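Worksheet: one structure, shown below.
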Amino acid sequence: MPTPRAPEDASVNRLQYIVTRLLQMIPTMLVIMILVFALVRLLPGDPAVAILGDRVTPQAIARVHKELGLDKPIPLQFWYFLERVVQGNLGTSVNLKVPVIQLIADRMPITLGLTLYAGMLALLMSVPAAVLSALRRGTWIDNLIRAIFQVGLSLPVFYLSLQLLTVFGARLRWFPVGGVGPTLTSDLYYLFLPALSLGFYLAAILMRNLRSSILEVLDAEYVDFARSKGIRPRLVLLRHILRNALISTVTLFGLSIGQLMGGAVITETVFAIPGVGRLMVTSIFGRDYAVVQGLTLAFAIVIMVVFLLTDLVYSVLDPRTKVA
Amino acid sequence: MSPVRTTSAGPLLSVRHLETTFHTQRGPLHAVRDVSFDVGAGEVLGIVGESGSGKSVTLRSILRLLRPPTKVTGEVRWGDENLLDVSARRMRQVTGGEISMIFQEPATALNPVLTVGEQILESLREHERLSAAAATDRAAELLDLVGIPSPRERLKAYPHEFSGGMRQRAMIAIALASSPRLLLADEPTTALDVTIQDQILKLLLRLREQLGMSVILVTHDLGVVAQTCDRVTVMYAGRLVETAPVRALFTQPRHAYTLGLRLSLPSSVGRRQPLKPIPGAPPDLRALLPPGCPFAPRCGFVTDACRAEEPKRRRVDEDHTSACIHHDTLPAPSEVAA
Amino acid sequence: MAAPSAAARPGRSRRLASFRPKPTLLIGAAIVLVMIAMALFPQLIAPYNPTTFDYNAILQAPSAQHWFGTDNFGRDVLSRVVYGSRIDMQIALFTTLFPVLFGTLMGALTGYLRGWLDALFGRIVDVVMVFPFLILVIAIVAMLGPGLTNMYLAVSVVNWVYYARLVRGETLVQNQSEYVQAARVMGYSPSRIIFRHIFPNAVTPAIVYWMTDMSLGILLGASLGYLGLGAQPPTAEWGVMVADGKNFMVTAPWISTYPGLVLTLAGVGFSLVGDGLADLLRPKR
């Protein structure tokens, strides 16, 4: 007869799991490093030329190449590259004249904040809508909600951003037209429109998933059993229906954070927010390779950590998962 | 084995003319038609029939568990109230507090993300006023009562960590949390191995003795009925066709369908004979049924009178009713040759 | 990305078991047909030439002569939107064609053959999944230079992975199913099993996803157009048009608004078709 795991066992298992997953991330990171290294080497244009500008002479190019280590064989370059990365040296931005690592440290929190804000708004929009829609299946409310979110799936982020900015920012002046606020709390105000436009798409995806999840769970026998115990309907909804239906939706949420960060590129561009998304675009246009490289790595790390967290949350939410 | 045990005020539960209709895309489905029976205090009543006979729907109708669009009419007398008429609030008091239900498949009937202890406590919180410590004690007591070893540790276990038989016991424990006087059991052993089945049935009987609880046991297996029930009622195509004390029913069925069921049971006495299943299949309740006895198409004793109009239930003996015109001409099971 | 898994039924008998299309499927199909018609015969619908500048009619609000108004060069917005459908329908096609074909093939192969191919594929998936799709595409486009063709390349290189994953999953499921095991027991050759039994069932979710993916492709193409990395002005691509009008949002909002609405509508159309197909082809339980 299986014995239940004592609580201490469960946390040891979980710790093992985290360590295993972190170790598993290393080969993937290595492949990513190789890709990033190759990507930047393949970008058109000679960085020496970009640095020297007008003062281009063959000797100057050779000198800069030597300085940048570009005259060494490729595998050696890669090794030096790895060394530097591990030490936290991601190079310096050619355009902004600032260490890349500092750029990331300054701007990544903003993008992360925007992404999480968008995620929260997405949950706030999608969960009640999904519950209402599922419980009133087939009625006009259901159809209306599904129609609204169906449009949300196809509404381009840049378009929604632009419209929200124009209507609520420029015309009605309810919100500022871009940038970030001086304090954290004022950020909630400044970032509301960007987060809303970013989160609407996610809300559409989550709503669909949760609605169908709830419909599945509604038919489950444990819902009948809970009712047969005379439990109040609201408790049945929360403890039995949602608690089970949300499992797959929360997982979807975690997996979608990556896509959300991608969308942040657009939102930051429209609203002129100094985050890493916008930095990525401007660096690509400005041939600032060190920044592109560093940002790609940063994105990869953040998203891998998010995936790990998502798995952990899932294993907590669903006691049937084997963590070992 | 004895006639309905009534309290001084009458039977514990009294169902009269229960009718349950589902509204499907293809028209109304009369799942339960004119069902009436009583359950006495401390009695085990069996409801037996094939799939689709309406037995599970009957149970769910009593507790108003069916989802709209479903129409339930009739009378379900519990004490001096008709459960079909009481407010939703009162119904929630009764459900789980006075009448509980257990289901066929414990793997799907227990919430997978809550521990067994939490599911017991949930019921206790709804119906009783106990402190947290007292509630936990009671929960452990319940697990012990149903025969689960190491009850206190098992409170923290999740349903998937139990074996099939233990899960069913856990479900019974949850259902008993608020000491109901009546337990509705919807095929509680169908999904279990035969040996576990036996254990669970014995458990139910023991609980009946210890707690003075009544049970309505729904099953398709006459063997289960023989083992556990005091009285039994047979359902076919949504109607009650025969009601009798168990012994009387087995000795001499008074309805052709019951005889057919009885004959399809393997017998351990006498020569080995091939099983005799009832030919044909139960009718589709969505279609309009032809007039006459619903069993007529499959009946070996059918006459024209059977097809003319639907026979009414009549009293054929003390505490024995039947809806068969030929109830007194049916042979005894032992007389029927191979 | 989650796909409905196929039931085990041999060959093609599962498809279109009961053809009862949802009304939304019909609406979606209607929208798609209109878009395609616009793309094929823009001359019949557009009242003006999309590239003609008319300096006498700059920034005019929607009127009887210009239903969608004019932009800052005097170009008729409606005509540009109609001609723009050409580009965006192309985008829908070319961002998904290679991924569908290559991805399905790879998915079926890795799912059936397993082994080192499957392990390698797993690594590729890990790496691709870690990056936001948009950022990957932007990075590749930056490498190659902005423009439509480069955009198609960039998207194709990344997108096939999603199809491959889908088809691989389906192939694995089909492999385990009873009818395939029965076929093996009967001694059918592997290629017969693959092509006549597994493939038709495994490919269906990919086809269904293709529809929805075309909606995503249009979105992506328009986003890149907006950022200046896809179609280039003065091309009348809907995303580019929204970008063209972004400085006039307060004074002349119609320049951006109409292309954006049509863009959204196109997306909704394809995505409804995708959903409707998924519903039709889902095995009834």
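Residue numbers (my numbering), protein chains in the order written: chain A, 1 to 324; chain B, 1001 to 1338; chain C, 2001 to 2285. Note that CB positions come from ideal geometry on N, CA and C, so glycine has one too. Model, not experiment: these values are computed from the prediction.
Taking Cβ positions, are A1256 (chain B) and G1292 (chain B) nearer each other than 8 Å?
A1256 (chain B) places its beta carbon 8 Å or farther from that of G1292 (chain B).
Counting contacts by CB-CB distance shorter than 8 Å, is F225 (chain A) in contact with chain B?
yes
Burial state of F2195 (chain C), where buried means 16 or more other Cβ atoms lie within 10 Å:
exposed
State the beta-bridge partners of F1183 (chain B) as determined by DSSP.
Sequence check: residue 1183 (chain B) is Leu here, not Phe. DSSP, once it has assigned bridges, lists B:S1100, B:V1215 as partnering L1183 (chain B).
Coil, strand or helix - V1076 (chain B) by DSSP
strand
DSSP on I2207 (chain C), reduced to helix/strand/coil?
helix
Can a CB atom of chain A be found closer than 8 Å to the CB of M2211 (chain C)?
Output row for M2211 (chain C): interface = no.
Cβ of Y2163 (chain C) within 8 Å of Cβ of T2251 (chain C)?
Contact flag unset, no.
Same chain only: Cβ atoms within 7 Å of F168 (chain A), ignoring 5 sequence neighbours per side
W174, F175, L193
Got a sec: which bits of the segment 2254-2280 of chain C sit with their beta carbon under 9 Å from any beta carbon on chain A, in order along the chain?
S2256, T2257, P2259, G2260, L2261, L2263, T2264, L2265, A2266, G2267, V2268, G2269, F2270, S2271, L2272, D2275
Sub-8 Å separation of P2259 (chain C) and V2242 (chain C) beta-carbons:
yes
Whole-angstrom Cβ separation of N209 (chain A) and S248 (chain A), contact assumed at under 8 Å?
Going by Cβ atoms, the distance from N209 (chain A) to S248 (chain A) rounds to 6 Å, so yes, they are a contact pair.
Can you list, in chain order, the residues of its chain whose CB lies under 6 Å from that of L2148 (chain C), leaving out five sequence neighbours each side?
A2231
Mind listing the chain C neighbours of I284 (chain A)? Cutoff is C-beta to C-beta under 8 Å, in chain order.
I2138, A2139, A2142
Tell me whether W2116 (chain C) is buried or exposed, calling it buried when 16 or more other Cβ atoms sit within 10 Å of its Cβ.
exposed
Would DSSP call L1130 (chain B) helix, strand or coil?
coil
Nonlocal neighbours in the same chain, by C-beta distance under 6 Å from I205 (chain A), ignoring five residues either side
none
Partner residues on chain C for M280 (chain A), Cβ-Cβ distance less than 9 Å
I2135, I2138, A2139
In this structure, what does DSSP give as the bridge partners for C1014 (chain B)?
The question names Cys, but residue 1014 (chain B) is Ser in the sequence shown. Per DSSP, B:D1038, B:R1077.
For S197 (chain A) and chain B, any beta-carbon pair shorter than 8 Å?
no
Between the segment 2115-2133 of chain C and chain A, which residues of the former have a C-beta closer than 7 Å to a C-beta of the latter?
So the close ones are R2123, D2126, V2127, V2130, F2131, P2132, F2133.
Helix, strand or coil for V1241 (chain B) per DSSP?
Residue state, collapsed to three classes: strand.
May I have the straight-line CA-CA distance separating R2123 (chain C) from P1151 (chain B), to the nearest angstrom?
47 Å
Whole angstroms are fine: how far does the CA of N244 (chain A) sit from the CA of R1016 (chain B)?
38 Å
Inter-residue Cα distance where the pair is T310 (chain A) and L2101 (chain C)
32 Å
In angstroms, rounded to a whole number, what distance separates the CA positions of A2202 (chain C) and L2280 (chain C)?
16 Å
Note down, in chain order, all residues in the segment 225-244 of chain A with a beta-carbon under 8 Å from any beta-carbon belonging to chain B.
F225, A226, R227, S228, K229, G230, I231, R232, L235, R239, H240, R243, N244
Confirm, please, whether the CB-CB distance from D1230 (chain B) to V1044 (chain B) is below 8 Å.
yes
Take the Cβ of W2238 (chain C) as the centre, count every other Cβ of all protein chains shown within 10 Å, and call the residue buried at 16 or more, exposed below.
buried
If we cut at 8 Å on Cβ distances, does R2020 (chain C) have a partner in chain A?
At least 8 Å separates the CB of R2020 (chain C) from every CB of chain A.
Which partner residues does H2197 (chain C) have in the DSSP bridge list?
By DSSP's assignment, H2197 (chain C) forms no beta bridge with any residue.
Check distances from the C-beta atoms of the segment 1217-1251 of chain B to those of chain A and list, in chain order, the residues that come in under 7 Å.
none
State the Cα-Cα distance for the pair A1109 (chain B) and F225 (chain A), rounded to the nearest angstrom.
6 Å
Output yes or no for whether 8 Å exceeds the beta carbon distance between G1238 (chain B) and R1026 (chain B).
no
Using a cut-off of 7 Å between C-beta atoms, extract the partners of H1023 (chain B) located in chain A.
By Cβ distance, chain A contributes nothing, its closest Cβ being about 13 Å from H1023 (chain B), past 7 Å.
Below 6 Å CB to CB, which residues in the same chain sit around T1233 (chain B) once its five sequence neighbours on both sides are set aside?
F1037, I1047, L1240, T1243
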